[in-house]
């Protein structure tokens with residue numbers, strides 16, 4: 001992977017930063033955040049402005065360009081990738097390391113007195129604006145909104161914003177109709193005494209209306225906003241998507257509905273003026289509810305006194321707790337996904353020794369097997385198919401320049417998942433197709449111990465996920481090892497593979513408590529730069545736990561793995577496991593064999609079934 | 001313990017809340033925080049205003065009185081105690097429970113529109129003022145400073161503010177002279193480009209000048225403020241304490257010092273006017289550094305643009321990392337403390353079966369044995385001597401009305417500690433002088449497993465203490481049990497038994513990373529209301545850990561117990577321990593036997609030595 005040469009682009013950007021055509025006064029720094037106007041993690045090509053200007057295309061990162069400097073902040077997952085993709089114009093700011101300055105501190109250290117720092121107000125979340133604006137102001141600088149996106153002005157071949165057809169989901173998938181979701185939302189609004197709720201996150205719009213799209217790769221969402229009043233529903237969406245009779249029927253656009261359930265369809269671009277009209281028409285004590293991560297532009301459309309901002313919206317919280325239909329859908333999706341992976345690993349085992357399988361071929365083969373499964377829609381993220389040293393690049397994606405051939409001498413790490421109409425999957429397995437070294441097995445076993453420690457943890461109702469993060473690290477810490485990413489994220493139901501408000505991380509302090517029905521990933525790892533990467537990831541469902549006692553009648557929770565794919569026993573140093581851990585592996589494999597075995601049988605995939613049976617042989621500890 | 005009857009007092013308070021003599025406009029609510037003007041946790045009798053108005057005298061709690069209501073917020077440690085001490089005029093607000101409103105939410109729910117909420121600006125920390133003021137304002141109310149403390153106006157027999165003699169500490173105790181501490185502080189000030197630093201916490205003043213006092217029971221501090229400039233040192237302190245020649249010599253008040261080390265002594269009460277003068281004299285870009293927990297009154301003395309507020313001051317952070325002299329002092333103090341406790345437990349073992357030992361007698365005996373040790377100054381907190389159901393009152397202190405006789409049928413919990421001139425101790429042991437039930441042993445063993453999990457934890461440099469909290473709970477959680485308090489707090493060196501900026505708690509998110517040299521407590525517990533309480537507490541020192549590998553060269557840390565008092569093996573269900581846990585107990589007891597045994601021998605305490613040897617017999621697991 002050779003770095004993008006950005007000298008000319010940065011020169012152009014620095015010119016428009018001073019051009020009266022775009023800025024009232026010159027800005028001495030310009031911030032290019034990762035997100036789009038919906039603060040999406042995964043974005044459409046037209047929104048990949050940070051990648052365009054810097055070359056770094058990981059999922060998280062913020063670029064800041066000043067007259068003299070260009071700097072990129074990203075986290076531990078992307079240190080290697082960003083270093084590879086950016087040229088010498090850029091300074092990499094490694095977030096999470098002690099000596100790395102915050103964006104604000106860095107700006108203060110490099111800017112001349114009384115500088116203006118520009119940013120697109122549609123792209124920066126309100127909470128971030130507030131923090132940054134305050135920090136800059138206290139150092140004598142100003143954060144200023146620049147209406148025209150400056151990257152767009154120099155991006156001559158910027159792709160168009162996508163506008164693809166919608167998919168409607170019926171009750172058998174969603175469990176709750178969009179009408180009932182609106183009713184529930186309005187009751188939350190009444191509780192908090194707010195009159196309006198603005199839906200800005202794309203997955204929240206999709207979830208609320210039981211619609212899916214494909215405007216953004218991997219995320220089945222579509223560009224839209226919604227504004228929900230106590231008696232009105234406004235959906236801001238472009239294109240002829242609302243002409244589709246199936247969608248019209250689903251949203252009952254042509255039915256004689258009660259007025260409070262009548263959906264008014266409006267152009268996507270009219271959200272700001274509509275919100276400004278809402279804002280202008282409020283009486284004292286009337287409030288408008290927005291996520292504090294909504295864009296600064298939309299938040300500012302509502303006068304401050306009327307804003308009601310929360311870190312998590314009621315939709316985000318409701319969406320996280322899956323109902324029975326969604327949970328059953330997720331189970332079905334994970335069974336199909338496991339079938340595909342059994343096929344893949346069986347195939348790899350035969351093909352890898354021939355020396356003909358590259359990372360890209362393996363990733364394509366994984367997609368091929370998945371696409372054979374019922375209701376397959378697309379992948380849920382770019383497949384991380386990585387062998388040997390590439391495995392240490394945590395969010396690696398094989399490209400021709402880096403594509404490595406799998407061999408019997410290197411560890412292979414596959415982190416992949418799919419969108420099925422009934423659910424979203426995300427699974428990582430780390431395999432060796434030859435004979436792993438004692439050290440590789442040792443590291444793998446510590447990661448496995450961490451995985452089990454989280455998966456088998458029992459904890460009181462009301463516990464936040466971040467309190468479980470250290471369980472995943474304890475075995476690694478004991479030997480002086482660790483990994484520089486969180487342990488788990490929320491997973492959507494045929495929605496985004498990363499979703500809030502829960503997770504398992506040392507970093508996330510604002511997470512909401514885990515509740516039965518929530519679904520998260522459990523994915524500790526260990527990475528050695530230049531050598532190998534290990535990660536073991538299951539998607540797990542939060543379920544009630546039976547305990548011997550019940551302190552203060554609080555009740556307890558634990559996890560049930562939805563992912564049912566064998567964990568390669570060849571990589572395990574059984575003597576490092578406790579009896580309990582050994583039993584966990586054996587029980588897990590027994591369940592894989594039963595559930596996935598039955599499905600492989602049903603689908604007539606006999607060779608993969610034989611592989612599954614072999615791979616799920618019980619471990620035996622040397623006593 | 002019968003509740004305090006507060007009907008008349010509340011009536012008087014509600015009168016002064018409307019009296020033009022004290023308030024410009026009537027206030028509809030008045031907040032009575034726990035703290036004093038220094039935001040101390042332990043306070044002098046003259047500052048016990050919340051206890052005076054409500055009867056509840058636990059260490060943490062905030063009272064709010066409105067025209068109709070009186071409500072008290074306190075945390076899980078004090079639910080039972082507060083309920084016992086307050087009469088029916090008061091509503092107990094149990095913090096940490098899901099349905100308990102915050103003070104702000106509650107005020108908004110009970111106040112008539114456009115209310116004024118009063119508070120003494122010297123007593124409320126600036127950060128709390130800010131949060132509360134914002135919340136009230138957004139609901140149409142106002143937080144207003146009431147200069148005269150309204151409790152003081154109705155507290156006719158309020159005791160005088162203490163003003164006791166000072167103790168000077170030489171280099172053999174402190175390791176660093178006050179001059180060098182000032183130099184280090186000024187270098188931190190220069191780093192942050194601040195011109196002035198205001199020392200508001202009493203333990204920070206004491207630490208900075210290597211002085212101790214006894215104005216507040218249990219905390220060897222004295223009422224004072226300090227304002228440190230780059231060339232000036234001002235100490236605000238009352239009484240003739242600065243007449244003491246030893247103090248004058250220690251502070252070199254009469255020496256021909258360089259001007260920047262010349263201490264100007266000023267009256268305690270002149271701090272506000274002095275700070276206002278400092279504030280009025282600042283040029284742009286000149287900053288004054290204060291803790292964000294400094295009082296609203298002092299913070300507001302500095303114009304906002306010149307304030308530099310941080311959650312932890314450089315003194316707080318420097319004070320937390322003990323140097324070699326302090327660490328050695330802490331070791332010595334803990335050895336002496338263990339000698340006293342061996343004597344006590346040996347004595348209790350003989351006396352309890354006679355039925356003559358009450359909780360108060362046991363507490364007094366513990367103090368008697370401690371006071372026999374060299375350099376004993378006072379206790380470090382009110383001894384929690386509790387048997388049977390009293391043990392479930394987490395911060396119980398025996399008083400004649402509740403005083404229970406120790407017996408061979410009940411669990412006895414003793415949480416106690418002392419101030420020695422060389423260090424501060426804090427230790428909890430839970431004992432049974434008869435035969436514990438299987439259930440009591442089971443619970444005790446889970447608590448022990450949690451204690452060991454923290455004490456033996458290995459974790460990377462830079463880890464914050466709150467990431468270790470769940471280790472202490474895991475064994476309890478597995479059985480559906482838990483405890484409603486944090487796991488550990490920082491401990492001062494002949495200073496406050498609770499100090500920041502580190503700790504081990506699910507609640508503390510703003511803690512600073514643990515560093516070698518920091519000292520914290522490790523004290524998981526389990527409490528059954530009406531039955532018993534269990535807690536096992538050691539004070540532990542953060543030390544570097546040797547590990548097999550060293551990821552990213554970060555280095556690892558672990559804990560070394562400074563407390564060396566046997567953990568009653570009779571209470572342990574050995575079969576619930578892993579071999580590693582069993583080894584930990586045996587190694588710990590081996591060290592107790594060696595170190596404390598030698599000191600008991602040296603002090604000629606042969607009976608206690610025999611007790612120690614018996615109590616430190618190795619555990620044997622049934623294989």
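Chains as they are written, first to last, in full-length UniProt numbering: chain A, 1 to 623; chain B, 1 to 623. Even glycine gets a Cβ: it sits at the ideal position worked out from N, Cα and C. No experiment lies behind these values; they were computed from the predicted model shown.
Enumerate in chain order the residues of its own chain whose CB-to-CB distance from residue i is below 8 angstroms, with the five nearest sequence positions on each side excluded.
{"i": "residue 317 (chain A)", "result": "501, 512"}
{"i": "residue 134 (chain B)", "result": "none"}
{"i": "residue 322 (chain B)", "result": "330, 493, 517, 518, 519, 541"}
{"i": "residue 112 (chain B)", "result": "28"}
{"i": "residue 601 (chain A)", "result": "609"}
{"i": "residue 332 (chain A)", "result": "420, 422, 423"}
{"i": "residue 154 (chain A)", "result": "9, 12, 13, 16"}
Please check if any C-beta of chain B sits within less than 8 angstroms of the C-beta of residue i.
{"i": "residue 94 (chain A)", "result": "no"}
{"i": "residue 306 (chain A)", "result": "no"}
{"i": "residue 312 (chain A)", "result": "no"}
Mind checking whether residue i and residue j have CB atoms under 8 angstroms apart?
{"i": "residue 561 (chain B)", "j": "residue 616 (chain B)", "result": "no"}
{"i": "residue 441 (chain A)", "j": "residue 572 (chain A)", "result": "yes"}
{"i": "residue 295 (chain A)", "j": "residue 83 (chain A)", "result": "no"}
{"i": "residue 325 (chain A)", "j": "residue 174 (chain A)", "result": "yes"}
{"i": "residue 272 (chain A)", "j": "residue 212 (chain A)", "result": "no"}
{"i": "residue 424 (chain A)", "j": "residue 497 (chain A)", "result": "yes"}
{"i": "residue 55 (chain B)", "j": "residue 3 (chain B)", "result": "yes"}
{"i": "residue 455 (chain A)", "j": "residue 538 (chain A)", "result": "yes"}
{"i": "residue 554 (chain B)", "j": "residue 490 (chain B)", "result": "no"}
Examine chain A for any beta-carbon lying closer than 8 angstroms to the beta-carbon of residue i, and answer yes or no.
{"i": "residue 551 (chain B)", "result": "yes"}
{"i": "residue 591 (chain B)", "result": "no"}
{"i": "residue 547 (chain B)", "result": "yes"}
{"i": "residue 268 (chain B)", "result": "no"}
{"i": "residue 42 (chain B)", "result": "no"}
{"i": "residue 506 (chain B)", "result": "yes"}
{"i": "residue 556 (chain B)", "result": "yes"}
Please work out which residues of its chain come closer than 6 angstroms, Cβ to Cβ, to residue i, disregarding the five sequence neighbours upstream and downstream, and give them in chain order.
{"i": "residue 39 (chain A)", "result": "125, 293"}
{"i": "residue 409 (chain B)", "result": "434"}
{"i": "residue 205 (chain B)", "result": "199, 224, 226"}
{"i": "residue 585 (chain B)", "result": "619"}
{"i": "residue 574 (chain B)", "result": "619, 621"}
{"i": "residue 445 (chain B)", "result": "572, 573, 576"}
{"i": "residue 142 (chain B)", "result": "116"}
What does a CB cutoff of less than 7 angstroms around residue i pick up in its chain, not counting 5 residues either side in sequence?
{"i": "residue 625 (chain A)", "result": "With chain A represented from 1 up to 623, any question about residue 625 (chain A) goes unanswered, as that position is not in the structure."}
{"i": "residue 487 (chain A)", "result": "454, 469, 472, 504, 505, 522, 523, 524"}
- What residues from the segment 444 to 462 of chain B come within 8 angstroms of chain A, judged by C-beta to C-beta, listed N to C? Residues of the segment 444 to 462 of chain B whose Cβ lies closer than 8 angstroms to any Cβ of chain A, in chain order: 457, 458, 459, 460, 462.
- What runs of the beta strand (DSSP E), each 3 residues or longer, lie entirely inside the segment 147 to 218 of chain A? Complete beta strand (DSSP E) runs here, min 3: 196 to 199.
- Task: Give the residues from the segment 459 to 484 of chain B that approach chain A closer than 9 angstroms (Cβ to any Cβ), ordered along the chain.
- Result: Per Cβ criterion, the list reads 459, 460, 462, 463, 464, 466, 467, 468, 469, 470, 471, 473, 474, 476, 477, 478, 479, 480, 481, 482, 483, 484.
- Item | Positions along the UniProt domain "Creatinase N-terminal" (48 to 150) of chain A whose CB lies within less than 7 angstroms of some CB in chain B | Residues of the UniProt domain "Creatinase N-terminal" (48 to 150) of chain A with a C-beta atom less than 7 angstroms from some C-beta of chain B are 98, listed in chain order.
- Item | beta strand (DSSP E) runs wholly inside the segment 282 to 323 of chain B, at least 3 long, in chain order | Segments of the beta strand (DSSP E) lying fully in the segment 282 to 323 of chain B: 288 to 291, 307 to 310.
- Item | Inside the segment 411 to 487 of chain A only - beta strand (DSSP E) runs reaching at least 3 residues | You should have 411 to 416, 418 to 420, 427 to 432.
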